[in-house]
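Read through the structure below, which is laid out as C-alpha cells, and then see the notes.
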Amino acid sequence: MFNKKQGTLSVILIISALAMIQMSCAPKTVSNLNGEAIIPKPVSISSTGDIFTLKAGTKIYVQDESIELEQTGQFLAGKLRPSTGFPLEVIVAAEPPKQGIYLTLSGDRELPGGNESHELDITRKLVTITANRPEGVFRAVQTLRQLLPSRIEMTTPQAGPWEIATGLIVDHPSYSYRGFMLDVARHFFTVGDVKAVIDYLALYKMNMLHLHLSDDQGWRIEIKSWPNLALHGGSTQVGGGMGGFYTQEQYSDIVSYAQSRYITIVPEIDMPGHTNAALSSYPELNCNGKTTELYTGTEVGFSTLCTGSEITYKFIDDVFRELAALTPGEYIHIGGDESHVTKIEDYIPFVNRVQDIVAAHGKKVIGWDEIALSTLKPTAVAQHWDNVKNANLAVGQGAKILMSPASRAYIDMKYNKETPLGLHWAGYIEVDTAYIWDPETLAAGIDKEDIIGIEAPLWTETITNLDEIEYMIFPRLPGYAEIGWTPATGRNWDEYKLRLAEQGERFRALDINFYRSKLVPWDTIPN
Ligand code: TNX
C-alpha cells in the first residue's frame, strides 16, 4: 500500500542520495579520450565516446606468459587499491577475458616503435593493454593511471566513480634514453628518497636514473676493496652535515626497485677531477702522496687524480669491477667534467685508458662532453651539457650524444630570481623555457640519429631533502619526459600548459611539493 509519509521520505532519500553522488564526484557526462591530460602526450589517441568504469568487482587479468606481467599487474593493483578500496584481484588468464583489465604481450603482432611500444584499447567492459615487451605494458599502465581521476593516487579511500573514456591509444617513445640525474654526492639522499624519485620518473615514463655517486664533497657507494672511500669519503657533505653512503646491499635494493619499474640506473664515478673525497680517503691517490682534507664547500675544478701513477688505474679498475657487478644496465658514467687542474696532455690518455677499463668490465662509457677531447670508442656517449664544440667532436668520432644543455635541462637552475633554491649560472629556467626546445634542432651538426635521448640533471649544492628535490623537479620534470617521448611535431606549449595544469591535482594527490608557476593555469588548485 502506498503510504504518503513513506513516499515523501523515500523521495527525500533518493534526492539526497543523488545530491551526494553529485557532490562527491559528478559522473562524466561527455567522454572524450582525446581530451585527457596525459603527459607525455601519446603518439595517437582515438575516442569512441563511451565509458569504462572501474568497479568493486573489477579484476586485473594477466596473460599467462611471464612473471613480469604479473608483477606489473600487482603494481597496478597496488596503486589502485588504497584510493578505490576495491580488492582488484590479479589473475593469470589463459584466455582474454570479456571484462576487466587485461595485460598482454603482442606475440606475433609486433607493434612498431620498440620495446616500450604499446596500445591501450578501452571499451565499455574491457581495457586491453598490449605491448611488445613487459616494459611496454608497464609504460601503458602509467597512461591508465593518468586516465583515472587524480584522487586515484591518494593513499586513503576516496569516492568514485572511477571512469575512463573509451577509445584507442597507440604509443611509443621518440628517444630510447629519457633520464634524470640525482647528485647524491653534494648532499646525500636516503634509499627512501631515491625510491620516491624513481616513482616520479615511472609515472612520466622516464626510463633512466643517473646517480652522481662521487664528487669533491662525498663518496656515496661502498667499495669493498677500498673501504675508506665510503667510510671516510662519505662522512660529510656540502655545508658540513653527516653525509652518508649506500652499502652495496642498499645500492642493489635501489637498482632492483628501479628495475621493477623498467628504469635503469646509470652509476657515475666522476674523474679525474671532482675527486677530493677519494683523494682525502687514500693518500696514495695523490701525486704527492699526502692526504687532502675533506671538503664541504661548492667550488668546482680544484682536484685531480694522479694520472701518471699506476695505483690510480688499479683503483679505477677495482671500483669499476665492483660497480659493474652491481649494474645490470649497459652504461657506466665516468664523469670527466671540469678537470681544470689536470693538464690536457694528461687528461686525454687518462680518459682513453679509463674507457678501456670500463670496456673490460663489459660496460659502455658515458661521460660529460669534455670526454670528446680524447679518442672515443664508437659505443661511447658524450653527455652534452656545455660546449657544443665538444658535442660535435663526439659526433665526428661516431659517438652518440645525450642531451642535457645546461640552459634548458639543468633542473638545478632557479625558475626565476625569487626561487629560494638552486643556482643560476646557466640562466633562469621557467617551466616554458624548460619545455620549449627540441633536442634535434638545438645544436648545429647534431641530428636526431646522433642523439640517444635527453637527461635533466639535478645538482644538489643547494638541495638538502626530498621536499626540495620535489620543488625543483616539479613541474619541470613532466616536460622533459614529454620532450624525450613525444615527437616535436606533437608538442606545443599553449596546449601542454593546460595538460600540466591538470597534473597539478595529481601532484597534490601524491603530496608533491611543487612550484606554482604563474605561467601554468592551475585554476583548480589553491596556492
Ligand atoms: C657544473 S655540469 C657541474 C657540476 C655542478 C653544476 C652546478 C657538470 C658536468 N659539472 O659539478 O654541480 O655545474 O649546476
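Going letter by letter, the sequence shown gives residues 6 to 532 in this note's numbering. For each residue, glycine too, the CB sits at the ideal point set by N, CA and C.
Nearest-angstrom Cβ-Cβ length linking residue i and residue j, presumed shorter than 8 Å
i: L234; j: W224; result: 4 Å
i: L218; j: L463; result: Not quite, the Cβ-Cβ distance comes to about 14 Å (not below 8 Å), so this is no contact.
i: V142; j: I169; result: That belief does not hold up - the Cβ atoms of V142 and I169 are roughly 17 Å apart, past 8 Å.
i: M213; j: E423; result: So it is not a contact: roughly 31 Å between Cβ atoms.
i: L74; j: V67; result: 4 Å
i: Y262; j: K200; result: 5 Å
i: K84; j: R156; result: K84 to R156, Cβ: 12 Å. No contact.
i: P95; j: Q79; result: With the sequence shown as reference, residue 95 is identified as Val, and Pro is not the correct amino acid for it. Between Q79 and V95 the Cβ distance is about 5 Å, and since that is below 8 Å, they are a contact.
i: D323; j: W231; result: 6 Å
i: D258; j: V196; result: 6 Å
i: P87; j: T161; result: 7 Å
i: F57; j: R138; result: Contact doesn't hold; Cβ gap of about 25 Å is too wide.
i: T438; j: P45; result: Their Cβ separation, rounded to whole angstroms, is 18 Å, which puts T438 and P45 out of contact at 8 Å.
Residues near residue i in its chain [Cβ-Cβ closer than 8 Å; skip 5 each side]
i: F519; result: E475, Y476, F479, P480, G509 and F512
i: L378; result: I349, Y352, I353, V356, N395 and L398
i: Q253; result: I226, E227, K229, E327 and L331
i: V525; result: V436, P480, K502, L505, A506 and G509
i: I19; result: In this prediction, I19 has a pLDDT of 47, which is less than 50 and means its spatial position is unreliable; nothing more can be read from the coordinates.
i: L426; result: K419, T467, I468, E473, Y476 and M477
i: F185; result: V202, L206, M211, M213, L214, H215, I416, E460, A461, P462, L463, I478, L482 and Y485
i: L447; result: M408, P410 and R413
i: G458; result: Y180, S181, Y182, R183, G184, M213, L407, M408, P444 and G489
i: S522; result: Y420, E435, V436 and P480
C-beta contact flag for residue i and residue j at 8 Å
i: V260; j: P354; result: no
i: I270; j: L206; result: no
i: D221; j: S308; result: yes
i: Y440; j: W498; result: yes
i: G340; j: I406; result: no
i: S412; j: H389; result: no
i: A493; j: Y209; result: no
i: W362; j: F325; result: Residue 362 is actually Ile in this sequence, not Trp. Yes, the pair counts as a contact, with Cβ atoms nearer than the cut-off.
i: S36; j: D55; result: yes
i: V386; j: I371; result: yes
i: A514; j: M159; result: yes
i: L108; j: T63; result: no
i: G554; j: H345; result: For the chain, the structure presents residues 6 to 532; residue 554 sits outside this window and is missing.
i: I434; j: P444; result: no
i: H279; j: E375; result: no
i: G489; j: Y180; result: yes
i: W167; j: T53; result: no
i: L471; j: D204; result: no
i: T380; j: P277; result: no
i: G239; j: T301; result: no
Beta-carbon contacts of residue i that lie in its chain and below 7 Å, excluding the five residues immediately before and after
i: I50; result: L38, N39, G172 and I174
i: N291; result: L284, T297 and C311
i: T303; result: V243 and E466
i: S29; result: Here S29 scores only 45 on pLDDT, less than 50, and its place in the model should not be relied on; the value that follows carries that caveat. Only A164 meet the Cβ criterion.
i: H192; result: Q242, V243, T465, I468 and T469
i: A145; result: H123, L125, I134 and A136
i: Q76; result: S265
i: G432; result: S412 and M418
i: E121; result: E140, G141, R144, H177 and P178
i: Y256; result: I226 and L331
i: H237; result: S285 and S286
i: E289; result: I316
Spatial neighbours of residue i in its chain, beta-carbon cut-off 6 Å, leaving aside the 5 residues before and after
i: G47; result: Reading off the sequence, residue 47 comes out as Pro, not Gly. Closer than 6 Å at the Cβ level, and outside the excluded window around P47, lie I174 and D176.
i: E124; result: T135 and V175
i: I106; result: I65 and V132
i: K369; result: E335, Y336 and T384
i: P531; result: With a pLDDT of 44 at P531, under the threshold of 50, the modelled position of that residue is not reliable, and the figure given next carries that caveat. Excluding positions up to five away in sequence, the list is empty.
i: H366; result: F325, R326 and A329
i: Q360; result: V370 and K382
i: A99; result: D69
Neighbour flag for residue i against chain C, beta carbons, 8 Å
i: P480; result: This model lacks chain C altogether; it includes just one protein chain.
Task: Uninterrupted beta strand (DSSP E) stretches inside the stretch 263 to 303 (no shorter than 3 residues) - done: 269 to 276
Task: 3 or more residues per run - each beta strand (DSSP E) lying fully within the stretch 198 to 231 - done: 213 to 217
Task: Runs of beta strand (DSSP E) lying entirely within the stretch 116 to 145, each at least 3 residues, in chain order - done: 123 to 127 and 131 to 136
Open item on the list: What ranges does the beta strand (DSSP E) occupy inside the stretch 399 to 482, keeping only unbroken runs of at least 3 residues that lie completely in it?
Closed with: 405 to 408 and 456 to 463
TODO: Report the residue ranges of all beta strand (DSSP E) runs contained in full by the stretch 42 to 129; include only those spanning at least 3 residues, in chain order.
DONE: 49 to 59, 65 to 68, 95 to 98, 105 to 110 and 123 to 127
Open item on the list: Could you tell me which whole beta strand (DSSP E) segments of length 3 or greater appear in the stretch 336 to 391?
Closed with: 336 to 340, 369 to 373 and 386 to 389
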